[in-house]
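Taking my numbering, the leading residue of the sequence shown gets 726, the next gets one more, and so forth.
For each residue, glycine too, the CB sits at the ideal point set by N, CA and C.
Read the structure below first, then the notes.
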Amino acid sequence: MSSEQLSQFEQAQSAYQTRAEDYDNSWHPQYTARFMSLVDIKAGDRLLILACGTGLEAVIACPLVGDEGKVVGVDATKEMLDVCRRKQAKDEILSRRLSLIQYDIANLESCEDIEKGSFDVIICSNAFILFDDPAGIVSRWTEYLRCGGRLVLDIPHENNPRQGLFMKNVVERMGIEYPASRSWIESADSFRHILEAQGLEILRVEALDKKPGKGHVYLGKEEMDEMFDYITQMQFAGYLAGEEFRNKAREPFEKEWDAAAMREGSGKVRVSYVLYVYIARKPPRRTIHHGKNYTATVALTGKHQPQHLDRHTPPPKPRPRGRTTRKVIRMVHGEIELPDDATIAEIPEMTIKCAAMINDFKVEGTEDVT
């Protein structure tokens, strides 16, 4: 089946369902241990682990959050979750603190079991590369963080894995959509810019080898077949795999390999097994200015977070000269200053235009303040 017939959700299922039973016998467990050491989980934290797979991150996180905390794992693939559930059945802490959901992590909005604005940490490891719209994914996931909460995820080095880049060129020439989007990755700064554009504060960026000390290696032509078999039989088993596909792809893959070796001048291909880990924070406080006299300054918690400012809303009428009072909406977490001629009937519309969802706050009253 070609990728044109598969959604991203189905691509993820196809790629991992045959790998589930052997997934923990790879480099992933030791990498996950180093990845999770960067997260700084605290007792009482609520974690959302996206693409939780066989539960490698959850096994580490659950003892750390304590009984006051909670871990929610979401994955597309039943077979991966089945492995995690077997671990859960044998471990009292996992049974008590971990909830598992099979769902499309690119479309969490339709999942009633996951509440927006309720998580201290969101984690996604070794999966983000599967998405075609990184900025859109970050924007949607950020809605599930509390203010001050952290997003922790990794993306591959721009040359990780090199054989994957070769195969991408091959399959696209064959008219097949490659199931891992990486064209936007040019350096460690590529994802930094995406996170910052979504209003997140970058706390840390770390380059992490898949295997310690083996981040960059040089491979000769004799190792090409092994790399070809890996990319077709393991990484995308059940998706690109198939004898007919491998027969068609082998020769153009070899040409890609030879061209890269010639460009590098050593007769070998430099392959990077490195991921960039990003830790970014959702700002704990947001101040929105709208015109001269219309200001919202709100300490935001839970689901009450402004998502956007309507830049097309005209500014309020200027305050008449000589006036020394201001009309405000008193709220639990702050206030909104309104134009002098504002009426009570206009308040809901104005608050919505100022910041989406800010009208969810309890309004304690309005008054003229000198």
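Candidates the options: closest to residue i by CA position
{"i": "A758", "options": "V784, K795, G778 and G900", "result": "V784"}
{"i": "H753", "options": "E817, C836 and A852", "result": "A852"}
{"i": "I927", "options": "E989, P1008, R995 and S997", "result": "P1008"}
{"i": "L933", "options": "G873, E969 and Y1001", "result": "Y1001"}
{"i": "V863", "options": "F891, H918, L763 and Q888", "result": "H918"}
{"i": "A740", "options": "L772, V764, D950 and A776", "result": "A776"}
{"i": "Y869", "options": "K841, I766, K993 and M952", "result": "K841"}
{"i": "A986", "options": "G778, L878, E948 and G798", "result": "E948"}
{"i": "G676", "options": "H941, L806 and Q888", "result": "The shown model of the chain, from 726 to 1095, leaves out residue 676, and the question about it has no answer."}
{"i": "A860", "options": "Q888, F844, A831 and V999", "result": "A831"}
{"i": "G874", "options": "R898, D749, G798 and R771", "result": "R771"}
Three-way DSSP call (helix, strand, coil) for residue i in this model
{"i": "S824", "result": "strand"}
{"i": "V1053", "result": "Note that V1053 has pLDDT 48, beneath the 50 cutoff, so the model's placement of it is unreliable and the number below is only indicative. In the structure shown, V1053 sits in a strand (DSSP, three-state: E or B)."}
{"i": "I880", "result": "strand"}
{"i": "L763", "result": "coil"}
{"i": "R887", "result": "helix"}
{"i": "R875", "result": "strand"}
{"i": "Q738", "result": "helix"}
{"i": "A745", "result": "helix"}
{"i": "I919", "result": "helix"}
{"i": "P859", "result": "helix"}
{"i": "E834", "result": "helix"}
Straight-line Cα distance separating residue j from residue i
{"i": "Y1003", "j": "C809", "result": "25 Å"}
{"i": "S751", "j": "F760", "result": "15 Å"}
{"i": "L833", "j": "F916", "result": "21 Å"}
{"i": "E921", "j": "V846", "result": "17 Å"}
{"i": "R822", "j": "K893", "result": "40 Å"}
{"i": "A768", "j": "E735", "result": "36 Å"}
{"i": "I774", "j": "C849", "result": "6 Å"}
{"i": "T743", "j": "D954", "result": "15 Å"}
{"i": "K973", "j": "R1006", "result": "46 Å"}
{"i": "P977", "j": "E911", "result": "24 Å"}
{"i": "V996", "j": "H882", "result": "10 Å"}
{"i": "S820", "j": "D857", "result": "34 Å"}
{"i": "K795", "j": "A786", "result": "9 Å"}
{"i": "E793", "j": "V999", "result": "35 Å"}
{"i": "V942", "j": "Y756", "result": "17 Å"}
{"i": "G992", "j": "A984", "result": "10 Å"}
{"i": "K803", "j": "K812", "result": "14 Å"}
Residue i - partner residues in DSSP beta bridges
{"i": "F844", "result": "L870"}
{"i": "E926", "result": "R1006"}
{"i": "A932", "result": "Y1001"}
{"i": "R771", "result": "K795"}
{"i": "C849", "result": "L775 and L878"}
{"i": "L944", "result": "V994"}
Beta strand (DSSP E) segments (min. 3 residues) lying fully within the segment 774-832: 795-800 and 823-827
4-residue-minimum alpha helix (DSSP H) runs that sit fully inside the segment 964-994, ordered along the chain: 968-989
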